[in-house]
Each structure stands twice: as C-alpha cells, then as structure tokens.
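K.L.:
Dropping a structure here in structure tokens format, bear with me for questions.
This is the structure in structure tokens:
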C-alpha cells in the first residue's frame with residue numbers, strides 16, 4: 086500500500102470540514118450552486134480590502150529587482166519590523182523584529198512551533214471545541230494531544246486545565262476568537278491561565294509554552310477590545326495568519342511571534358527559523374511579505390460579520406436552537422437538536438444546507454456554521470434550519 | 086531549554102548553505118557588498134521572465150472575485166490541468182490533473198511525499214553528493230537516510246544502490262540536474278535504475294518509490310534533452326518547483342506529480358493532499374497558482390547559465406582545480422585542493438570568496454560554487470580562487 090499506516094488511519098478519522106467542502110462541490114454540481122447553502126468552510130466571501138489590491142498593483146507595476154528571490158528564512162527584516170511595531174501597539178509588549186518569523190500562514194506557524202518544541206511523547210493540551218486540524222499538527226511531530234473541555238460558555242475551564250497538566254506537558258494551545266465557537270476568551274480567564282501555567286512550571290520544573298493561535302484576532306464585535314493572551318504569560322508564542330483579516334486564505338501568509346519575555350527566546354526563534362526551513366516551508370511567500378508589510382493596520386470590516394452574526398443568532402434562537410452568542414470570528418456552534426451530530430448534519434444536507442458536525446472539533450452534540458458568506462446564502466439556509474428544527478421537535 | 090533535543094542536534098550539525106549565506110551578509114556589511122563574492126546560495130540573480138511580470142500585472146489589474154480564497158487543497162483544477170498537459174509533453178507519459186498536487190515549492194513537495202509514504206524507520210536512499218536538506222526532510226518524518234555515493238562522474242552507482250536496498254527501503258530520492266554537482270543523470274543510467282528497482286520490489290515484496298526532485302529540469306545545456314526518470318519506472322513521483330525555471334525562489338510554488346502508472350495512485354494522491362494540508366501547507370499560494378498556470382512552457386534563458394558555466398570551468402581548470410563539467414543547474418562541485426573542505430572554504434573566505442564545503446552535501450573533500458550570479462561577481466571571485474590554488478600548491 087502506498088500510504089504509511091498512521092497516515093491512512095488519520096485520513097479515515099477526520100477532516101470533517103474538508104469532507105463537507107467536497108460534498109458541497111458535488112451537491113452544487115448536482116443541484117446548481119444557487120440551490121445549495123454551504124456553511125461548511127471558513128472561506129471568506131469578502132474580497133481583500135482596497136488597500137491590498139492597491140499595494141499588489143503597485144508592486145506588480147514597479148517590480149523591484151530581486152523581489153521574488155530568497156530572503157533570510159525568517160522573512161524580510163522590513164516586514165518583520167512592521168509586524169513587530171503593530172504587535173507592540175496591540176499587545177502593549179515591546180516586540181522587535183528579532184521575535185518575528187514570517188510563515189506560510191498560521192497552520193505553518195503551528196506546525197513549525199510544535200516541531201521546534203516537542204520531544205516525542207510530549208503532551209499538548211487543547212481545549213474542546215478546538216480546530217480539528219490541531220490533532221494532526223500535534224501528531225505530525227510525535228506529540229500527544231490532551232483534550233480538556235471548556236465550560237458551558239466555551240471559556241477555558243481552569244480547574245480542568247490544571248488537573249490535566251503533567252510533567253510531560255509541553256504546551257497549551259488556545260484559539261481565541263475560537264474556531265468553531267466564535268467565543269472570545271476573557272481577559273480575566275487569560276490572566277488566571279497565565280498564573281496557572283506559571284505555578285505549573287514551578288511545580289514541574291519544565292518550560293510550558295502558551296501557544297496562542299490568533300487568526301481571528303481582528304474579527305471582533307460589539308466594540309470589544311481583543312483580550313490579549315500574551316501579556317499574561319512570559320513563555321507565550323503567537324501564531325498569526327492574514328487569511329481572515331485581509332481575506333486571503335489562499336495566499337498563506339502569517340507569522341510566529343515569540344514573547345520578548347520568553348526564556349531563552351533567541352534559541353527558540355532560531356529553532357523556529359530552522360524548522361520553518363527544514364519542514365519545507367523555507368520562507369513565507371516573498372510577494373505576500375512585501376504586500377502585508379504595508380498593511381499591518383488594515384482589516385476587513387468586521388461589522389459586516391457582526392451583522393451576519395446578529396441575523397443568524399436571532400433566527401436560530403427563534404427556531405429553538407440553543408447557542409452561545411459569540412463575539413468574534415465568523416462561526417456559530419449551536420447544540421444539535423439530537424445527540425448524534427453527524428445524523429443531524431446529514432438531515433440538514435437533505436435540505437441542501439451544509440454544516441460540520443461537532444465531533445470534527447472534539448465536541449459531539451454540536452454543529453458548526455461558518456457565516457463568512459453572502460447574505461443570500463445565509464437567508465437561503467434558513468428554511469432548511471427551520472425544517473430541521475421542526476423535524477426534531479425544537 | 087526551549088528546543089527539542091533532536092532539533093538542537095540537527096541545528097548544530099548542518100545547514101552549511103544557509104550558514105554561508107549568513108556569513109556573507111555579515112561580510113558584506115563589513116567590507117561592502119561589492120567586495121564580497123558570495124557564491125554560496127542558489128538564489129538566481131536573473132529576474133523572472135517578461136511573461137511572468139505581464140501575467141502578474143494582468144491579474145493585479147483585473148482581480149477576479151475569489152482569486153485569493155481557499156481552493157481544493159490539491160490546487161486549482163485549471164492549474165493542475167496545465168501542469169498535466171506540460172508534463173505529458175515533456176515526459177511522453179499521459180498525465181491528467183488527478184495526478185498533480187500543487188505545493189509550496191519542491192521542499193514542501195518532498196516533505197509531503199515523505200510524510201505520506203514513510204512508516205517510522207523506513208529507509209530512504211539518497212545519492213551523495215546530495216542536497217543537504219534531504220537528511221532533515223527524511224528525519225522530519227521518522228525515516229532513515231541511507232547514503233550511497235555516486236561514481237567518479239557523479240552518476241548513480243547502480244551496484245552500490247542495489248547493495249544498499251533492504252526490506253525497509255521505501256524510496257530512492259534522486260536529483261538531476263544535481264545540486265551540488267550540476268550533473269545530469271543519463272537516460273541509460275535512469276533506465277537501468279528503473280530495472281533495478283523493479284527487481285528489488287519483486288525480491289522484497291514491498292513498494293519502492295523513485296522520488297525525482299527536478300527543480301533544475303529546465304536549466305540544461307549543450308542542446309541536451311532532459312533525460313526523464315519517470316518513464317523508466319512505474320512507482321515514480323516528481324517533486325517540482327518553479328523557483329529556478331521562473332527565477333522566483335522566494336514565492337514557493339511547485340507541484341507533486343505521481344506517475345499515472347503508479348500502483349494505487351489514487352490513494353497515494355489522496356495521501357499527498359491530506360499531508361500537504363495537515364503539515365500546514367494547506368495549499369500552494371493562490372496567486373502564484375494563477376500565474377504559473379499560464380507559464381508552463383516558459384523558462385529563463387538557460388544559455389546565460391551555460392555561458393557562466395563555460396567561463397568558470399575554463400578559469401578554474403586552468404588554475405589547476407579538478408572538476409566534472411556539468412550539463413545543468415547552476416552549480417560546480419570541484420575537488421578541494423586539500424582534504425579538509427571546511428578549511429579550504431575558510432581559506433577562500435580570507436579572499437572574500439564564499440562557497441559551501443562538500444560535507445554539507447555528504448561529500449567532504451569537495452566544495453560547491455553557485456554561479457547563478459552576475460558576471461561581475463564571478464569575475465571578481467577569480468583572483469581569490471587563483472590565490473587559494475597557489476597557496477595550496479595546485
């Protein structure tokens with residue numbers, strides 16, 4: 086057989102989001118794209134901001150010599166400088182470019198961080214519901230995922246996290262605003278998390294990293310200021326992507342930012358650069374590095390997502406669905422009306438509505454809606470949700 | 086300590102090319118860029134072809150809706166179709182887009198292939214001199230590199246390869262035109278290699294893959310037609326990059342092509358797509374996929390590299406250096422005048438000439454020259470080579 090046995094096993098078990106995406110492609114071919122309401126993939130329908138288009142055009146019009154060549158593996162110093170300045174403003178922690186490594190998006194950033202820090206068998210705590218790919222990322226580098234459920238509001242459960250920490254715990258990986266719940270972890274909770282990790286480090290003697298996966302950091306509602314994780318804990322590492330804030334998920338551009346207060350941070354950054362190179366990323370795409378350098382303050386208009394959230398939360402609640410109203414990202418994670426979330430998602434498919442079962446996020450009994458879509462699609466999906474609600478007695 | 090122990094070990098041992106690149110940056114800051122002759126990195130000084138600039142400008146001028154969004158992880162069907170058509174022409178083997186997966190360059194392609202096929206402890210044969218990163222790629226996915234030297238002309242040594250094959254052999258990884266030797270493996274040798282692997286498969290009962298890393302396939306001299314490996318062996322996989330043919334190494338765009346004759350090829354391709362996604366590459370950069378779709382027949386002018394090769398081979402031979410005159414890529418791999426190649430490379434540094442010691446390619450006693458540079462730099466390095474030749478009694 087051509088595939089390694091552990092890969093075959095992983096392929097069989099998961100990939101719910103992509104599986105639904107592929108189902109959607111088939112259904113659209115069958116029923117016509119306008120008659121299928123595909124709420125399965127976080128593929129923003131918004132176009133990148135005007136500033137992005139202008140910057141790309143400027144670079145294409147006046148190509149600079151060498152602009153597509155290799156640069157230092159960590160990325161262009163100027164781009165890293167711009168990122169450092171932006172992060173300093175956002176976090177209140179003074180970053181320099183020496184703490185920034187440009188990467189091929191957040192998925193790359195996470196793989197590279199894990200490759201850098203994990204000895205075989207090291208444990209990485211993730212909080213369910215979590216982005217389903219995390220378990221593959223951890224497995225890629227011979228780590229062991231340790232899954233800790235969040236509380237009823239999808240906030241980190243501090244007591245449960247504390248109980249899960251062992252001498253093999255190497256990192257806690259968090260994601261706020263969260264995919265799939267959309268929930269933004271509160272400052273209080275993050276501050277307490279920092280204290281907890283600091284205590285655990287003292288207890289166990291090892292270094293425990295807080296990895297904060299923040300691709301939705303700029304998609305925040307209700308006038309909220311993003312509650313930063315990094316200032317609350319020294320051994321923090323941010324994984325970032327411009328996929329969502331600039332609406333270019335296909336372009337693979339993001340970064341790793343290591344806290345300036347991280348112990349032995351130079352060695353850690355060197356390791357990240359080495360692993361980014363040797364895992365085959367080599368460097369973040371040159372052209373996109375040029376583009377995002379000028380766009381560190383720019384984001385898509387999050388109020389459009391807020392409006393969509395309000396529409397969906399209102400409609401679904403009225404139909405009887407139970408959900409936590411989130412304050413970020415572009416996902417909802419309602420309770421499935423029946424315990425079997427896969428059966429429920431399949432029922433929705435009968436009404437041409439595509440969502441993703443909660444078990445794809447380590448949380449059966451829920452389902453995920455991605456609403457980074459045209460209003461037409463969201464509105465079109467409502468009758469299907471209503472029929473499903475009726476069918477299952479909500 | 087923040088870095089996993091095996092990563093720290095790998096970091097300590099190698100990365101000669103990048104180490105020299107970084108030394109070069111320091112030396113240039115010290116002596117002025119014009120006074121340092123940096124022949125260490127394969128970072129083409131040529132600009133991308135006119136067709137590339139035009140296509141990029143066209144796409145930037147008329148942005149299509151959704152052109153920066155996610156696409157299927159394997160890449161845009163249209164781009165894969167264009168690659169399949171080009172490969173069909175070049176190899177004489179009928180490819181369809183179903184055998185093509187667009188990747189973030191060849192380094193990504195190789196990591197993804199290895200992740201897909203390797204069970205822990207599987208052996209991968211590489212032929213020295215080899216691209217030094219291969220050992221990290223194999224180590225990333227828990228494989229074991231088995232190093233087999235080439236013959237005096239840097240051609241595959243068939244008897245030595247046959248002797249190295251064991252029941253744990255999972256793949257043979259070749260690279261022609263070769264980095265660092267520039268040598269193009271002959272058709273006869275590749276045909277015999279196919280026969281050899283076929284026999285070994287029968288003997289051992291497992292599937293052995295021939296992975297052909299071909300980023301320099303279009304940089305060929307002396308009117309040679311590129312001797313394809315793939316048509317000679319069913320279980321072949323090509324790793325390709327547009328870094329060199331379109332002179333855009335910073336952009337990370339390439340592909341995996343699985344032979345249409347490969348056993349269980351659908352499962353293999355599905356595995357490659359899965360691993361490309363879960364290793365964090367997700368998909369090849371969208372914009373570059375749009376660009377290269379239209380450029381499958383386009384390459385930089387290889388005759389410029391041929392001219393540089395002729396200049397260097399002539400000069401160095403005259404000085405007494407011993408070398409194999411290569412027919413592709415943009416590297417030379419002369420013998421070091423003294424057995425200790427690191428000492429020799431350090432001696433060249435005293436004359437402000439930067440090269441890479443052969444041990445970075447598994448072949449001590451040689452050194453690599455990258456000549457994808459301006460003539461001015463190559464000419465400027467000649468006095469340094471002459472002084473070193475004199476110093477070591479050539």
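Chains as they are written, first to last, in our numbering: chain A, 86 to 479; chain B, 86 to 479. Just so you know, even glycine gets a beta-carbon here, dropped at the ideal spot from N, CA and C. Given the structure is predicted, the values throughout are model-derived calculations rather than measurements.
1) Would you call the region 367-387 of chain B in contact with the region 221-232 of chain B, where contact means no fewer than 3 C-beta pairs closer than 8 Å?
2) Name, please, each residue of chain D whose Cβ falls closer than 9 Å to the Cβ of residue 112 of chain B.
3) What alpha helix (DSSP H) runs, 4 residues minimum, are completely inside the region 332-363 of chain A?
4) First and last residue of the alpha helix (DSSP H) that includes residue 462 of chain B?
5) Are the C-beta atoms of residue 225 of chain A and some chain B residue less than 9 Å apart?
6) Flag residue 352 of chain A as yes if its beta-carbon sits less than 9 Å from any beta-carbon of chain B, otherwise no.
7) Residue 208 of chain A lies in the beta strand (DSSP E); which residues open and close that run?
8) 9 Å is my cut-off, CB to CB: does residue 453 of chain B come that close to chain A?
9) Residue 221 of chain B lies in the alpha helix (DSSP H); which residues open and close that run?
10) Which term fits residue 244 of chain A, buried or exposed, when burial requires 16 or more other beta carbons within 10 angstroms of its beta carbon?
11) Does DSSP put residue 126 of chain B in a helix, a strand or coil?
12) Rounded to the nearest angstrom, what separates residue 418 of chain A and residue 266 of chain A at their Cα positions?
13) In whole angstroms, give me the CA-to-CA distance for residue 274 of chain B and residue 241 of chain B.
14) State the start and end residues of the unbroken alpha helix (DSSP H) segment that holds residue 294 of chain A.
15) Taking three-plus beta-carbon pairs below 8 Å as touching, is the region 340-357 of chain A in contact with the region 277-284 of chain A?
16) Can you name the residues of chain B whose CB is closer than 7 Å to the CB of residue 90 of chain A?
17) Could you check what DSSP says for residue 152 of chain B in three-state terms: helix, strand or coil?
18) With a threshold of 8 Å on Cβ separation, who are the neighbours of residue 269 of chain A within its own chain once the five nearest residues in sequence on each side are excluded?
19) Would residue 120 of chain A be called buried (16 or more neighbouring beta carbons within 10 Å of its own) or exposed?
20) Spell out whether any CB of chain A is found under 9 Å from the CB atom of residue 151 of chain B.
21) Determine the DSSP secondary structure at residue 429 of chain B, reduced to helix, strand or coil.
22) Roughly how many angstroms separate the alpha carbons of residue 298 of chain B and residue 403 of chain B, rounded to a whole number?
23) Is it buried or exposed for residue 160 of chain B, if we count other Cβ within 10 angstroms and need 16 for buried?
24) Can you tell me which of the three DSSP states residue 256 of chain A falls into?
25) CA-CA distance, residue 152 of chain B and residue 397 of chain A?
26) Can you tell me which of the three DSSP states residue 382 of chain B falls into?
27) For residue 471 of chain A, collect the residues of the same chain with a Cβ closer than 8 Å to its Cβ; drop the 5 residues on either side in sequence, then sort them by chain order.
28) Just to confirm my understanding: we take residue 213 of chain B, look at its own chain, exclude 5 residues before and 5 after, and list those with CB closer than 6 Å. What are they?
29) Taking just the CA atoms, how far does residue 135 of chain B sit from residue 92 of chain B?
30) For a contact meaning CB atoms closer than 7 Å, what does residue 348 of chain B contact in chain A?
31) Applying a beta-carbon distance threshold of less than 9 Å, which residues of chain B neighbour residue 398 of chain A?
32) So is residue 287 of chain A buried or exposed if we call it buried at 16+ other beta carbons inside 10 Å?
33) Among residues of its own chain, excluding the 5 on either side of residue 316 of chain B, which ones have a beta-carbon nearer than 7 Å to its beta-carbon?
34) How would you write the range of the beta strand (DSSP E) that residue 321 of chain B sits in, first residue to last?
35) Quickly, what does DSSP pair residue 439 of chain B with across the bridge? List them, please.
P.N.:
On the basis of the coordinates in this document:
1) no
2) Among the protein chains in the structure shown, which are A and B, there is no chain D.
3) 350-363
4) 460-476
5) yes
6) yes
7) 208-213
8) no
9) 219-225
10) exposed
11) coil
12) 5 Å
13) 7 Å
14) Looking at the DSSP string, residue 294 of chain A is not in any alpha helix (DSSP H); the run it does join, the beta strand (DSSP E), is 294-298.
15) no
16) 204
17) coil
18) 261, 262, 263, 305, 309, 311, 312, 411, 412 and 413
19) exposed
20) yes
21) helix
22) 33 Å
23) buried
24) strand
25) 27 Å
26) coil
27) 404
28) 232, 234, 447 and 448
29) 41 Å
30) 87
31) Correct list: empty, because the minimum Cβ distance to chain B is about 25 Å.
32) exposed
33) 176, 177 and 178
34) 321-326
35) B:123
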